[in-house]
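For reference, the structure discussed in these notes is given below.
2 protein chains.
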Amino acid sequence: MSASISRRRLLGWTGAGAAVAGVGAVSGYALGRTEPDPAQEPGGDVVEFRGTHQAGIVTPSQNELYFTALDLTSTGKAAVQRMLAQWTSAAERMTRGLETAENGALPLDRETAPADTGEALELPPSSLTVTVGFGPTFFDKLGITDRRPATLADLPSFQGDRLEPAKSGGDICIQACANDPQVAVHAVRNLVRIGFGTVAVRWAQLGYGRTSSTSIRQPTARNLFGFKDGTNNLKAEEPDLLDQHVWVQGGDGPDWMTGGTHLVARRIRMHIETWDRAPLDEQEAVIGRTKGTGSPLGGTGEFEPANYRSIDANGTPVIPLNSHIRLASAESMNGIKILRRGFNFVAGSDDRGHLNAGLFFVCFVRNPQTQFVPMQRLLAANDAMSDYITHTGSAVFACPPGLREGEYWGQRLLEDTV
Amino acid sequence: MSASISRRRLLGWTGAGAAVAGVGAVSGYALGRTEPDPAQEPGGDVVEFRGTHQAGIVTPSQNELYFTALDLTSTGKAAVQRMLAQWTSAAERMTRGLETAENGALPLDRETAPADTGEALELPPSSLTVTVGFGPTFFDKLGITDRRPATLADLPSFQGDRLEPAKSGGDICIQACANDPQVAVHAVRNLVRIGFGTVAVRWAQLGYGRTSSTSIRQPTARNLFGFKDGTNNLKAEEPDLLDQHVWVQGGDGPDWMTGGTHLVARRIRMHIETWDRAPLDEQEAVIGRTKGTGSPLGGTGEFEPANYRSIDANGTPVIPLNSHIRLASAESMNGIKILRRGFNFVAGSDDRGHLNAGLFFVCFVRNPQTQFVPMQRLLAANDAMSDYITHTGSAVFACPPGLREGEYWGQRLLEDTV
Numbered sequence: 024m025s026a027s028i029s030r031r032r033l034l035g036w037t038g039a040g041a042a043v044a045g046v047g048a049v050s051g052y053a054l055g056r057t058e059p060d061p062a063q064e065p066g067g068d069v070v071e072f073r074g075t076h077q078a079g080i081v082t083p084s085q086n087e088l089y090f091t092a093l094d095l096t097s098t099g100k101a102a103v104q105r106m107l108a109q110w111t112s113a114a115e116r117m118t119r120g121l122e123t124a125e126n127g128a129l130p131l132d133r134e135t136a137p138a139d140t141g142e143a144l145e146l147p148p149s150s151l152t153v154t155v156g157f158g159p160t161f162f163d164k165l166g167i168t169d170r171r172p173a174t175l176a177d178l179p180s181f182q183g184d185r186l187e188p189a190k191s192g193g194d195i196c197i198q199a200c201a202n203d204p205q206v207a208v209h210a211v212r213n214l215v216r217i218g219f220g221t222v223a224v225r226w227a228q229l230g231y232g233r234t235s236s237t238s239i240r241q242p243t244a245r246n247l248f249g250f251k252d253g254t255n256n257l258k259a260e261e262p263d264l265l266d267q268h269v270w271v272q273g274g275d276g277p278d279w280m281t282g283g284t285h286l287v288a289r290r291i292r293m294h295i296e297t298w299d300r301a302p303l304d305e306q307e308a309v310i311g312r313t314k315g316t317g318s319p320l321g322g323t324g325e326f327e328p329a330n331y332r333s334i335d336a337n338g339t340p341v342i343p344l345n346s347h348i349r350l351a352s353a354e355s356m357n358g359i360k361i362l363r364r365g366f367n368f369v370a371g372s373d374d375r376g377h378l379n380a381g382l383f384f385v386c387f388v389r390n391p392q393t394q395f396v397p398m399q400r401l402l403a404a405n406d407a408m409s410d411y412i413t414h415t416g417s418a419v420f421a422c423p424p425g426l427r428e429g430e431y432w433g434q435r436l437l438e439d440t441v
Numbered sequence: 024m025s026a027s028i029s030r031r032r033l034l035g036w037t038g039a040g041a042a043v044a045g046v047g048a049v050s051g052y053a054l055g056r057t058e059p060d061p062a063q064e065p066g067g068d069v070v071e072f073r074g075t076h077q078a079g080i081v082t083p084s085q086n087e088l089y090f091t092a093l094d095l096t097s098t099g100k101a102a103v104q105r106m107l108a109q110w111t112s113a114a115e116r117m118t119r120g121l122e123t124a125e126n127g128a129l130p131l132d133r134e135t136a137p138a139d140t141g142e143a144l145e146l147p148p149s150s151l152t153v154t155v156g157f158g159p160t161f162f163d164k165l166g167i168t169d170r171r172p173a174t175l176a177d178l179p180s181f182q183g184d185r186l187e188p189a190k191s192g193g194d195i196c197i198q199a200c201a202n203d204p205q206v207a208v209h210a211v212r213n214l215v216r217i218g219f220g221t222v223a224v225r226w227a228q229l230g231y232g233r234t235s236s237t238s239i240r241q242p243t244a245r246n247l248f249g250f251k252d253g254t255n256n257l258k259a260e261e262p263d264l265l266d267q268h269v270w271v272q273g274g275d276g277p278d279w280m281t282g283g284t285h286l287v288a289r290r291i292r293m294h295i296e297t298w299d300r301a302p303l304d305e306q307e308a309v310i311g312r313t314k315g316t317g318s319p320l321g322g323t324g325e326f327e328p329a330n331y332r333s334i335d336a337n338g339t340p341v342i343p344l345n346s347h348i349r350l351a352s353a354e355s356m357n358g359i360k361i362l363r364r365g366f367n368f369v370a371g372s373d374d375r376g377h378l379n380a381g382l383f384f385v386c387f388v389r390n391p392q393t394q395f396v397p398m399q400r401l402l403a404a405n406d407a408m409s410d411y412i413t414h415t416g417s418a419v420f421a422c423p424p425g426l427r428e429g430e431y432w433g434q435r436l437l438e439d440t441v
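Protein sequences appear in the order of chains A and B.
To convert, take the position in the first sequence, counting from 1, and add 23; that gives the working numbering.
To convert, take the position in the second sequence, counting from 1, and add 23; that gives the working numbering.
Shown next, in the form of structure tokens:
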């Protein structure tokens, strides 16, 4: 039995009690046992599951995403509560590298189906985070429309949208992020199993290669246009800005959302083949940054502030008026900022042999109506990048705050109304 | 500029000459410059591009796959030769962490489209391998049917097959494997670009989570049924068995294939939801191994030989007659062995909300007609696993041998016929 095999086994079979009793802040395998140093184990990190805010939002972005939107197949509130409580328990265990339940993959009663599907046995926690949100329809279906935040409403149509209804919307979302896709897919698959009879998958999306890093500790990664994406993103290290732009504050809406946020997902198909034929000059003019260092046009360093007033000898703005970074900037947006946390995707090729690929855009905002909606209206109407992209999926969810010890997802929302 | 940024830059801008002049066996960044120790850089490894055999076959399996089958859109042999020569040059550079061409992503003439799409800038080589094969139709379309090996023929229909023609077959395949999906996708995308006008993508497949390790140095990974997959696989450390079962030997067929092999790809949809409802006993009886350690039923260790003659007190075989490992074993197969190198896949959910997931099975064999075909016939008709899987895609390709210094893919095949 190799070291990598023995680890999860130890956690699963002898460490389970300690893990359940432990508080959220578990660093690596430091559960009071002698375990390898997680700093030397790629993927060995455990992200704290409980806290003021849900994990997977300002957590340094992992490399892999599996995102699922589900619809309620039962509108019995008790069944939904039971499922959410089971999800919470299973997700908390999985973020520690454990099976969904003790002896989950290998039940002692061999004539029962395993509770855990088993494909993540032996794999380290891989910084798994599981983040849950509720769509506008969740409240209608459960008859609790009065509990829906005013900030949570269907997004309007934007110019150029070509949304596929079957890949948009949803009553509940699960965002699983990890540094190993097997771990992220395993998490969602097992939560979906737990929810059988209460929810069914509406659509799902696999993503890879984080864009828009959420921590100053992470270098900015590149999207499929080959450009650094998210240089000016909000960062975990900016708590005041996060309170201003991301976290729902007391008084914003219903109490159950305080400390929560809203997740907006947009599946953005990139017209890769068209982009790849564009000259470097055109590509940089569309983005507003250089392709090499990612510096704003006219600047020399990635994190140098863009000078939107700079003009060349012909009086032409150095950063074009319809460039993406200019239009998306807080300067153009009356101070609006959003926390982006998107991933690249590639889903093979379409029937013309073109790459079915792009950006699965995810952002977190305090109020979609006053942040994402005006930003996307401006971009959809003016962004030079619009010639190279099409939005094909869209969804919005209210993400409750982080969980206290013993609390389950949605408890404050659902139990106050009993 | 961070250390991770500077590395590829150094390689791309100052190291290109050294890299092009170097012989294949490049370990990490040891190109005569002062570079970080690749052993301390996750993903920093360079896999030798040239050699007796193509890389990506007995190379220890990477974690991520991007596989593409292409059709010829031009049947001019000169155009195909030119493309294959350009592919070879670009692939050799990319396996070293370089752009497809010098200044590829950032052309000095800014009014031209970049030769390299740029999204892998700054990323380490990530053990990228690129493996190329030719389908049966390749020979017909180029008018060189006389050069086609007799071993390369369309696979017959197998019981239970539900093949999608648009996701089967192809004139040429590119298998890109790496430990970072961005690196694997980048490689294929850029080769497809180079081939524009000569080839077009027919279908593509993203895979993750290696199954069937190809080296004794790798622990056996699990497939989406939660079982260790490929315990009895052929291994890189067994050269005599590889010569017997994988590598085409002199006299087997046309000289240009000596040292080559055949790639069989099968897209196997797993009926995850059905499987997940099966009791542990049933699951283990289907596979013939325990789910925990992966030992053969009745045994205690993963690599213990299966005892197919063992019966229990009732006279029932301990390893069922229709179990997967019994039917696929060399004992059942008159000594046939194959080198498996498959990956898990998940492509969201189908219109019933079921996971569209499974195993993208890839194997390499000396002769598909005498190895894969009889094995799959036996399995398709008898394997207990057939209740839980459906083959939805199929393709076969002849992979030429490894490349000598200066040689391009297919050169021995195409130039001898001039």
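We put the beta carbon where it would ideally sit given N, CA and C, even for glycine.
Consider the Cβ of residue i: report whether some Cβ of chain B lies at a distance smaller than 9 Å.
i, result
"LEU186(A)", "no"
"TRP226(A)", "yes"
"PHE157(A)", "no"
"ASN367(A)", "yes"
"SER27(A)", "Here SER27(A) scores only 37 on pLDDT, less than 50, and its place in the model should not be relied on; the value that follows carries that caveat. Chain B contact via Cβ: present."
"PRO242(A)", "yes"
"SER150(A)", "no"
"VAL385(A)", "no"
"CYS253(A)", "A quick correction: the sequence has Gly, not Cys, at residue 253(A). No, because no Cβ of chain B sits closer than 9 Å to the Cβ of GLY253(A)."
Taking residue i as the query, report the chain B residues whose CB atoms sit under 7 Å from its CB, ordered along the chain.
i, result
"LYS314(A)", "ALA128, LEU129, GLY141"
"ALA301(A)", "ALA136"
"SER191(A)", "Near SER191(A) there are no residues of chain B at all, since even the closest Cβ is about 13 Å away, more than 7 Å."
Taking just the CA atoms, how far does residue j sit from residue i?
i, j, result
"ASP266(A)", "THR339(A)", "38 Å"
"GLY311(B)", "VAL269(B)", "25 Å"
"ARG225(B)", "HIS414(B)", "18 Å"
"LYS251(B)", "LEU362(B)", "16 Å"
"LEU303(B)", "THR135(A)", "6 Å"
"ALA259(B)", "ALA92(B)", "26 Å"
"ARG290(B)", "LEU382(B)", "6 Å"
Can you pull the chain B residues whose beta carbon is under 9 Å from the beta carbon of residue i, in chain order?
i, result
"TYR231(A)", "GLU87, ASP203, PRO204, GLN205, VAL208, LEU229, TYR231"
How would you write the range of the beta strand (DSSP E) that residue i sits in, first residue to last?
i, result
"TRP226(B)", "222-233"
"MET293(A)", "284-293"
"LEU264(B)", "Looking at the DSSP string, LEU264(B) is not in any beta strand (DSSP E); the run it does join, the alpha helix (DSSP H), is 262-268."
"ASN213(A)", "Note, ASN213(A): premise wrong, no beta strand (DSSP E); alpha helix (DSSP H) at 204-217."
"GLN198(B)", "195-201"
"ALA124(B)", "ALA124(B) -> no beta strand (DSSP E), and no H or E assigned at all."
Of all the CB atoms in chain A, is at least one closer than 9 Å to the CB of residue i?
i, result
"ALA407(B)", "no"
"THR174(B)", "no"
"ILE359(B)", "no"
"GLN306(B)", "yes"
"GLY166(B)", "no"
"ILE197(B)", "no"
"ARG30(B)", "Unreliable placement is indicated for ARG30(B), whose pLDDT of 30 sits below 50; the coordinate value is still reported in the next sentence. Not one chain A Cβ lies under 9 Å of ARG30(B)."
"ALA114(B)", "no"
"GLU428(B)", "no"
Hey, quick one: how far does the alpha helix (DSSP H) through residue i stretch, first residue to last?
i, result
"HIS347(B)", "347-351"
"LEU402(A)", "395-405"
"VAL309(B)", "303-310"
"PHE250(B)", "Premise fails: PHE250(B) is in no alpha helix (DSSP H) and is neither H nor E."
"PHE162(B)", "159-164"
"THR118(A)", "100-118"
If we define contact as Cβ-Cβ less than 9 Å, is residue i a contact residue for chain D?
i, result
"THR91(A)", "Here the protein chains are A and B, and chain D is not one of them."
By the criterion of Cβ-Cβ separation under 8 Å, what are the contact partners of residue i in chain A?
i, result
"ALA223(B)", "GLY376"
"SER235(B)", "The premise fails here: SER235(B) is roughly 14 Å from chain A at the closest Cβ pair, so nothing lies under 8 Å."
Give the residues of chain B in contact with residue i, contact being defined as C-beta atoms less than 8 Å apart.
i, result
"ASN246(A)", "GLU142"
Assuming residue i and residue j form a contact by the criterion Cβ under 8 Å, report the distance between their Cβ atoms to the nearest whole angstrom.
i, j, result
"SER150(B)", "ASN213(B)", "Incorrect: roughly 18 Å between the Cβ atoms, too far for contact."
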